[in-house]
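Asker: The structure follows.
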Amino acid sequence: MRDASGQGVLYSQAVAERLGINSTDLECLDFIALRGPLSAGELAVATGLTTGAITGVIDRLERAGFVRRDRHASDRRKVLVRTLPAVERDITPLFKPMERGAMSALSKYSEKELAFLLETFTRLSQAANAAITELTGQRKIAVRRHTRNVRLIPPKAEMCRYN
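This note's numbering applies: residue 7 is where the sequence shown begins, and numbers increase by one.
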């Protein structure tokens with residue numbers, strides 16, 4: 007599972023690079039595409055990012071031509087973010103090789119086995135969401151960085167050694 011997850015991350019990174027956006031922006035765009043129009047607050051909750059970070063994500067996706075902000079029909083104070091046709095035109099084709107590979111692998115399973123896999127992946131997704139909630143509720147770990155005895159520029163005597 008870790009290997010498959012890592013491969014998915016690497017594939018998404020390659021797609022993001024091809025589009026000229028970062029992988030976080032691509033993942034947020036995927037949330038919007040899968041769940042329909044979302045408010046910035048809903049996207050922040052779904053991703054665990056701050057509302058400030060989400061504003062930056064939406065700004066970048068809007069500049070790239072992948073989303074637009076629309077006023078909510080019944081609450082004019084609320085803004086919804088929705089995908090634009092460029093997502094289907096420019097991004098979906100980049101996932102076709104992954105889709106073909108997955109469909110080829112899954113074609114060997116019976117309907118009963120596919121139902122089992124669907125239930126398994128649904129439960130794994132729920133478990134991942136619960137784990138994310140648990141992890142984000144924990145305090146952050148302070149990482150100490152050792153910088154003592156690091157020489158970035160060699161002394162002139164060493165620089166002249168090859169003369």
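C-beta atoms are modelled at their ideal positions from N, C-alpha and C, and glycine is treated no differently.
Decide yes or no for the touch test of the stretch 62-74 against the stretch 18-32: beta carbon pairs closer than 8 Å, at least 3 of them.
Answerer: Yes: the two stretches touch, three or more of their Cβ pairs being nearer than 8 Å.
Asker: Look at the alpha carbon of Ala10 and the alpha carbon of Tyr17, and state the distance between them as a whole number of angstroms.
Answerer: Those two C-alpha atoms are separated by around 10 Å.
Asker: With a threshold of 16 other CB atoms inside 10 Å of the CB of Ile38, please say whether the residue is buried or exposed.
Answerer: Result: buried.
Asker: Hey, could you find the ends of the beta strand (DSSP E) Asp81 is sitting in?
Answerer: Asp81 -> no beta strand (DSSP E), and no H or E assigned at all.
Asker: Using DSSP's beta-bridge definition, name the partner residues of Asp171.
Answerer: No answer is possible for residue 171: it lies beyond the span of the chain, which begins at 7 and ends at 169.
Asker: Mapping the DSSP letters down to three states, classify Val149 as helix, strand or coil.
Answerer: Note: Val149 maps to coil in three-state DSSP.
Asker: Kindly indicate the opening and closing residues of the alpha helix (DSSP H) around Ala10.
Answerer: Unbroken alpha helix (DSSP H) run through Ala10: 8-25.
Asker: Name, in chain order, the residues that DSSP records as bridge partners for Ser45.
Answerer: Paired residues: Leu86.
Asker: Suppose you measure from the CA of Phe127 to the CA of Thr139; what does that come to, to the nearest Å?
Answerer: The alpha-carbon atoms of Phe127 and Thr139 are separated by roughly 18 Å.
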